[in-house]
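Enquirer: One structure is given below, represented as structure tokens, and several questions about it will come after.
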Amino acid sequence: MTGYHPDILAPGLDVVFCGLNPATTAVADGHNFSSRSNRFWRALHGAGFTDVCLQPCDERRLLEYGCGITTVVERATRKADDVSTDEFRSARPGFEAKIRKYRPRAIGFLGKRALTAMLGRSDIDWGRYPGGFAGTEAWVLPNPSGLNRNFTLDALIGAYAELRVALDGA
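Right, here's the structure in full:
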């Protein structure tokens, strides 16, 4: 789909969820996290970020809940592994500028790959990232892709809920 852009952003959101890059299915459908196997929308709802389980076509409603979506790399691929470490590093300056421009309270990286590549570190843990990123509180959350079998839906919900509780308590 021409004109597709993965960003759902506004200044001062509570959290921006950050994917690695758009999936080719998302570009074809025109909506983020549109693959039937992706668990993003169910995890957000289960963690209490939304009071209803949004569908990909409802993605702009995330703004009503103080949430947004972006990606580090804008190039769509069939698999996230198709994005190289160098591509993440090259995307960092523009990505940091975007986060500084929109100033969310927190950024939730969906998976470790982009953050570890951008920072040149391999020792990043799940949960709150102590150093933050681009002047914003940063969290490392499990990737909701259906291909990520290391985390059950319940584990995703638990990790995302930890972020939501931290935001509610701040």
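Those letters in the sequence shown? Residues 1 to 170, per UniProt numbering, in order.
All C-beta atoms, glycine included, are put in the ideal place defined by N, C-alpha and C.
#1: Please classify E74: does DSSP put it in a helix, a strand, or coil?
#2: Could you tell me the alpha carbon to alpha carbon distance between A155 and W139, rounded to whole angstroms?
#3: Name the one or two DSSP bridge partners that A134 has.
#4: Taking its Cβ as the centre, do 16 or more other Cβ atoms sit within 10 Å of L44, making it buried, or is it exposed?
#5: Less than 6 Å between C-beta atoms, sequence neighbours within five positions excluded: which residues of the same chain meet that for A76?
#6: Whole-angstrom Cβ separation of A106 and F88, contact assumed at under 8 Å?
#7: Buried or exposed for S34, please, with buried defined as at least 16 other CB atoms from any protein chain shown within 10 angstroms of its CB.
#8: Here's the rule I'm using: 16 or more other beta-carbon atoms within 10 Å means buried, otherwise exposed. How should L147 be labelled?
#9: Any chance you could list the beta strand (DSSP E) runs of at least 3 consecutive residues sitting entirely within the UniProt domain "Uracil-DNA glycosylase-like" (7-152), in chain order?
Expert: Checking against the coordinates, here is how it stands:
#1: coil
#2: 15 Å
#3: A134 pairs with nothing; no bridge assigned.
#4: buried
#5: P22, T24 and V27
#6: That belief does not hold up - the Cβ atoms of A106 and F88 are roughly 20 Å apart, past 8 Å.
#7: buried
#8: exposed
#9: 15-19, 67-71, 106-110, 127-133 and 136-141
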